[in-house]
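All the letters of the sequence shown, read from the start, carry residue numbers 28 to 136 under my numbering.
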Amino acid sequence: MMIYGLNTCAICQKARKALEAEGKEVSFRDVRAEPLSEAELAELIAEFGDLLVDRKSNDYRGLNDWLKNSEAEAQILAQPKVMARPVIRDQDMLYLGWDETVQKALLPG
Numbered sequence: 028m029m030i031y032g033l034n035t036c037a038i039c040q041k042a043r044k045a046l047e048a049e050g051k052e053v054s055f056r057d058v059r060a061e062p063l064s065e066a067e068l069a070e071l072i073a074e075f076g077d078l079l080v081d082r083k084s085n086d087y088r089g090l091n092d093w094l095k096n097s098e099a100e101a102q103i104l105a106q107p108k109v110m111a112r113p114v115i116r117d118q119d120m121l122y123l124g125w126d127e128t129v130q131k132a133l134l135p136g
């Protein structure tokens with residue numbers, strides 16, 4: 028299982044701890060330190076579309092108007108911190124966020 032996010036993201040840390048507590052083998056990738064390739068990003072955008080960009084974040088608000096009106100891919104390549112997180116890959120399934128729906132899908136019981 029792979030979690031894409033930021034080391035400093037509290038929700039990413041919470042998801043990682045919960046999954047590891049259930050005995051899941053979890054790898055973590057900080058998208059700032061190790062940005063997504065264009066192919067990886069294209070796959071995530073195909074799955075989540077514009078939901079992959081966190082438009083409520085300060086980082087998004089800080090983008091210039093040109094980038095704000097660009098495709099999600101351009102926004103994330105320019106500023107990886109605007110990516111909504113965490114993105115969790117469990118084999119062939121992709122999940123966005125750490126809400127109740129994602130937790131039910133990934134945690135037993």
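Glycine residues also receive a C-beta, built at the ideal position from the N, C-alpha and C atoms.
Short Cβ contact (7 Å threshold) for isoleucine 38 with tryptophan 125: yes
Contact belief for tyrosine 31 with valine 58 at Cβ below 8 Å, rounded distance in angstroms: 6 Å
7 Å CB neighbourhood of isoleucine 72 in its chain, flanking five on each side removed: Leu79, Ala99 and Glu100
Buried or exposed by the 16-neighbour rule on C-beta atoms within 10 Å, applied to proline 135: exposed
Identified DSSP bridge partners for methionine 28: According to DSSP, which records beta bridges pairwise, methionine 28 is partnered with nothing at all.
Span of the beta strand (DSSP E), counted from its first residue to its last, around leucine 123: 120 to 123
Cα-Cα separation between lysine 44 and lysine 108, rounded to whole angstroms: 21 Å
Proximal residues to arginine 112 (C-beta, below 6 Å), its chain only, five neighbours per side dropped: Gly32, Cys36 and Cys39
C-alpha distance - lysine 41 paired with leucine 133, whole-angstrom precision: 13 Å
Alpha-carbon spacing of methionine 120 relative to valine 114, whole angstroms: 10 Å
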